[in-house]
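Numbering (UniProt numbering), first residue to last: 244 to 600. Accompanying notes for the structure given below.
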Amino acid sequence: EKGTYPHFMLKEIDEQPFVMRKIIQEYQDEHDDIKLDEDIRKAMKECDRVYIIAAGTSYHAGLIGKEFLEKIAEVPTEVHVASEFSYNFPLLSEKPLFVFISQSGETADLRSVLVETNKLGHPALTITNVPGSTLSRESNYTMHLHAGPEIAVASTKAYTAQMAVLAILAVDTARAKGLTLDFDPMKELGIVSSAMEALCDQKELFDQIARDYLSTTRNCFFIGRGLDYYVGLEGALKLKEISYIQAEGFAGGELKHGTIALIEDGTPVIALATQEHVNSSIRSNVQEVITRGANDCIISLEGLDREGDAFVIPKVHSLLTPLVSVLPLQLISYYAALHRDCDVDKPRNLAKSVTVE
Ligand code: F6R
Numbered sequence: 244e245k246g247t248y249p250h251f252m253l254k255e256i257d258e259q260p261f262v263m264r265k266i267i268q269e270y271q272d273e274h275d276d277i278k279l280d281e282d283i284r285k286a287m288k289e290c291d292r293v294y295i296i297a298a299g300t301s302y303h304a305g306l307i308g309k310e311f312l313e314k315i316a317e318v319p320t321e322v323h324v325a326s327e328f329s330y331n332f333p334l335l336s337e338k339p340l341f342v343f344i345s346q347s348g349e350t351a352d353l354r355s356v357l358v359e360t361n362k363l364g365h366p367a368l369t370i371t372n373v374p375g376s377t378l379s380r381e382s383n384y385t386m387h388l389h390a391g392p393e394i395a396v397a398s399t400k401a402y403t404a405q406m407a408v409l410a411i412l413a414v415d416t417a418r419a420k421g422l423t424l425d426f427d428p429m430k431e432l433g434i435v436s437s438a439m440e441a442l443c444d445q446k447e448l449f450d451q452i453a454r455d456y457l458s459t460t461r462n463c464f465f466i467g468r469g470l471d472y473y474v475g476l477e478g479a480l481k482l483k484e485i486s487y488i489q490a491e492g493f494a495g496g497e498l499k500h501g502t503i504a505l506i507e508d509g510t511p512v513i514a515l516a517t518q519e520h521v522n523s524s525i526r527s528n529v530q531e532v533i534t535r536g537a538n539d540c541i542i543s544l545e546g547l548d549r550e551g552d553a554f555v556i557p558k559v560h561s562l563l564t565p566l567v568s569v570l571p572l573q574l575i576s577y578y579a580a581l582h583r584d585c586d587v588d589k590p591r592n593l594a595k596s597v598t599v600e
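Below, the structure is given as structure tokens:
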């Protein structure tokens with residue numbers, strides 16, 4: 244039920260701080276260690292490469308998951324769009340582990356890959372919001388997102404839950420491998436939860452940004468580097484699917500290789516600047532688009548912010564910024580759709596669960 248909310252999407256955006264706390268609870272044991280199926284731990288430790296398979300928003304969570312698995316757990320990881328992978332298997336490593344990320348657990352494109360990998364005898368872990376779902380039943384292991392039912396077609400809380408669960412999985416694997424880490428995932432996710440809450444309390448600001456930048460525009464670009472680039476891809480998907488604004492996410496460094504030709508007077512460019520090691524380069528990219536007339540909207544991280552930024556997100560661990568920086572993008576998309584009289588929860592041509600290939 245929506246309760247007092249006008250739309251499920253807004254309710255689900257608002258639930259994200261609670262989902263984080265629920266995940267912390269569910270994945271923590273009484274000794275404050277990570278609670279995880281021993282078989283999953285073993286599968287993660289034994290594999291020589293993880294192949295993440297997903298679609299849409301879940302694919303975008305997978306891109307962030309790769310960073311977690313490689314940076315935290317030192318597990319080589321590839322991320323693939325399921326519909327492409329199913330007819331174009333790459334050369335596989337000797338001991339692959341397949342990780343299927345799916346909110347619904349019913350996406351046909353993923354299922355067709357799973358059928359193949361099962362035939363080949365490779366182990367599969369499904370990360371899903373629906374533990375009894377087809378993908379969950381047909382794979383060896385399941386990790387539950389604990390996000391609660393997601394009703395709006397545009398995925399929000401499942402995306403942040405997917406990233407949180409992937410971070411926990413990465414830390415657990417790192418510990419199982421005996422790597423030294425100064426990263427307490429539960430503490431960091433607690434900080435993320437509070438930061439999310441602070442953002443949810445500032446909705447008028449995002450409503451205003453949507454009004455100022457997106458009420459009449461035909462297109463919108465998202466730019467970022469590293470993790471911010473991946474979050475930009477998700478921001479663009481959210482915006483296009485519910486507001487029907489042509490939106491694209493680009494790596495900051497790729498602008499000059501073509502995309503910058505599209506910038507004209509007034510083109511909205513939403514830039515994410517949450518990563519210290521690329522802060523000055525993304526700032527120069529913003530300057531480049533401003534010079535061509537872009538209407539810039541910079542979302543930065545506390546400590547990396549500069550005068551004129553449209554919004555500064557509270558400080559969280561540098562690897563976990565996507566869990567927080569996506570909220571402004573979800574909210575901006577929501578309000579843009581609202582201002583343009585779109586059907587927020589049920590955008591045209593889309594289904595919540597895509598059970599056909
Ligand atoms: C976008 C969206 C879709 C889904 C995609 C995968 O907001 O909801 O892109 O993410 O169809 O769905 P699941 O995660 O259920 O496999």
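Note that the Cβ used here is the ideal one computed from N, Cα and C, for glycine as well. Since the structure is predicted, the reported quantities are computational estimates derived from the model, not experimental observations.
Distances taken from the Cβ of Ser301 to the heavy atoms of the ligand F6R include one shorter than 6 Å. Taking a cut-off of 8 Å on C-beta distances, the segment 523–542 does not touch the segment 397–417, as fewer than three cross pairs fall below it. Note that the segment 466–477 touches the segment 302–310; at least 3 beta-carbon pairs, one per stretch, sit closer than 8 Å. In the structure shown, Glu531 falls within a helical segment according to DSSP collapsed to helix, strand and coil. Only buried fits Leu388, as 16 or more other CB atoms lie within 10 angstroms of its CB. At least one heavy atom of the ligand F6R lies closer than 6 Å to the C-beta of Ser398.
Separation of the CB atoms of Ile307 and Phe341 is rounded to 18 Å, and the pair is thereby denied contact status at 8 Å.
Checking the DSSP bridge columns, you'll see Gln271 partnered with Ile277. Inclusion of Gln346 in the 6 Å shell around the ligand F6R follows from its C-beta lying nearer than that to a non-hydrogen atom of the ligand. Ranked by Cα distance from Lys420, the first of Thr564, Val262, His250, Glu313 is Glu313. With a cutoff of 7 Å on beta-carbon distance, Gly467 and Leu515 are scored as near each other. Between the ligand F6R and Thr350, a heavy atom-to-CB distance of less than 6 Å is present.
Using a Cβ distance threshold of 7 Å, Thr360 and Thr385 do not count as a contacting pair. Collapsing the DSSP output to three states places Ile542 in a strand. Secondary structure note for Cys463: it is in no alpha helix (DSSP H), and the uninterrupted beta strand (DSSP E) holding it is 462–467.
From the listed residues Asp471, Lys245, Leu253, Gly246, the smallest Cα separation to Asp444 is found for Leu253.
About 30 Å separates the Cβ atoms of Val532 and Val435, ruling out a contact at the 8 Å cut-off. Here Tyr330 carries a coil assignment [DSSP, helix/strand/coil]. Under the 8 Å Cβ criterion, the segment 335–355 counts as touching the segment 282–296, having at least three qualifying pairs.
Per DSSP, Val356 is one residue of the alpha helix (DSSP H) stretching across 351–363.
A check of alpha carbon separations from Val597 across Glu349, Thr247, Pro319 identifies Glu349 as the nearest.
Arg264 has its alpha-carbon roughly 25 Å from the corresponding atom of Gly546. If you look at Ile370, you'll find it in the beta strand (DSSP E) that goes 367–371. Taken through DSSP and simplified to helix, strand or coil, Pro511 comes out as strand. Under the three-state reduction of DSSP, Leu340 is assigned to strand.
For Phe251, the secondary structure class from DSSP, reduced to helix, strand or coil, is helix. When Cβ pairs closer than 8 Å are counted between the two stretches, the segment 265–274 is seen not to touch the segment 310–326, the count staying below three. Ranked by how close their Cα comes to the Cα of Gln518, the residues Thr502, Thr564, Gly496 have Thr564 in first place. Bridge pairing for His387: Thr371 [DSSP]. As DSSP reads the structure, Val322 sits in a beta bridge with Ile295. Annotated three-state conformation of Glu244 is coil, per DSSP.
Classified as exposed, Ser523 has fewer than 16 neighbouring CB atoms from the shown chains inside 10 Å of its CB. Rounded to whole angstroms, the separation of the alpha carbons of Asp282 and Ala367 is 11 Å. Cβ neighbours of Phe251 within its own chain (closer than 7 Å, five residues either side excluded): Lys245, Ile394, Ala395, Asp588. At a cut-off of 6 Å, the beta-carbon of Ala407 does not count as near the ligand F6R: no heavy atom of the ligand is closer than that.
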